[in-house]
Structure formats: C-alpha cells, structure tokens
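Below: one structure, written as structure tokens.
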Amino acid sequence: MNELKMTLCLSNDSILISQDIPEMLGSPRQIQMLFHDEKKQIVLRACGEDDCSALVVAQKKSEPFTMSGRVILGRLKKMLKWEDECPRLVFGSYNKDNNVVLFNLNNAIKADTNVPPIEMGE
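Here the sequence shown is numbered in this note's numbering, starting from 505 and rising by one per residue.
Laid out in structure tokens, this is it:
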C-alpha cells in the first residue's frame, strides 16, 4: 500500500515527500506544489520543466524527495497558527481523475521527534 505522506520540518525549513507520491503521479521529473489558502490544502501534481515553480524530483527510489521550504513553511505556520517548531506529518489522498495528491493541512499531526518522520533509505 502506498503511503502518501509529507513531513513539514519547521526547525530546519525542509519538506519531505514520501517516494510513493512521485510514483503515484507517474514518476515525473518535476512536480508542482499548489496551495489553497481558504481550504488549507496543498496539491501536488506532475508538471513539465517549463511550468511555473516546477520542482525537480529526486531519482533515487529509496529516499524521500526533500526540498527547501523556508518561505512555504513560514506561510503555512502563519496560516495554520502553529506556535511551535515541531515537525508536522500530513497524509495525502490520490485523485485519479486529476492525477494529483491532495493534503488537507487541517489534519496535520505533530510528528514523533524520537524517530525519523520518514524512513531514509541506505
């Protein structure tokens, strides 16, 4: 079963996206992260290199896709009124009709800081 999860690491300004997400989207070379502020949602979708704000996906299958998220996380922290730096874990759902993974940030939970939020490959 695919685990469509994203970890928002506020203390080090990074976002980890499980490797299952790019695989679910058809293993694209780039993805876009789109925001819906009112609904407090993030959508990840496959895109081309010419699309606005395209992010290059890591090609190693055993590792999560990591990206810098300083501006994004600052925006989310303010929008969701998070008052601490604890990492947040949010699970996504796949929409086959639109080939996107949707994350409802209202359902983000504090990640256990005693273990890595997403297992790293060797």
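Here a beta-carbon is modelled for each residue, glycine too, at the ideal position from N, C-alpha and C.
What does residue i pair with, by DSSP beta-bridge criteria?
i: Leu538; result: Val547
i: Gly596; result: Phe607
i: Cys513; result: Ser518
i: Val575; result: According to DSSP, which records beta bridges pairwise, Val575 is partnered with nothing at all.
i: Lys614; result: Arg592
i: Leu559; result: Ile535
With distances taken Cα to Cα, identify the nearest neighbour of residue i among the options.
i: Leu577; options: Ala612, Glu527, Asn602; result: Ala612
i: Asn610; options: Ile546, Cys513, Gln523; result: Ile546
i: Lys582; options: Asp541, Gly530, Asp524; result: Asp541
i: Phe607; options: Leu559, Val575, Leu593; result: Leu593
i: Lys543; options: Asn599, Leu580, Asn516, Ser522; result: Leu580
i: Glu475; options: Ala558, Ser518, Leu548; result: The question about residue 475 has no answer, for the chain in this structure spans 505 to 626.
i: Ser518; options: Asp601, Glu589, Ala558; result: Glu589
i: Asn516; options: Arg574, Lys585, Asp601; result: Arg574
Whose C-beta lies closer than 8 Å to the C-beta of residue i among residues of the same chain, with five residues either side of it excluded?
i: Asp555; result: Gln534, Gln536
i: Gly530; result: Ala550, Asn603
Please list, in chain order, all residues of the same chain as residue i whose beta carbon is under 6 Å from its beta carbon, the five residues on each side excluded.
i: Glu626; result: Model confidence at Glu626 stands at a pLDDT of 44, short of 50, so the residue's coordinates are unreliable and nothing is read from them.
i: Pro591; result: Thr511, Cys513, Ala615, Pro621
i: Val605; result: Leu508, Ile525, Leu548, Gly596, Tyr598
Can you give me the Cβ contacts of residue i inside the same chain, cut-off strictly under 7 Å, excluding the 5 residues immediately before and after it?
i: Asp524; result: Asn506, Glu507, Leu508
i: Val561; result: Pro526, Pro532, Arg533, Gln534, Ile535, Phe569
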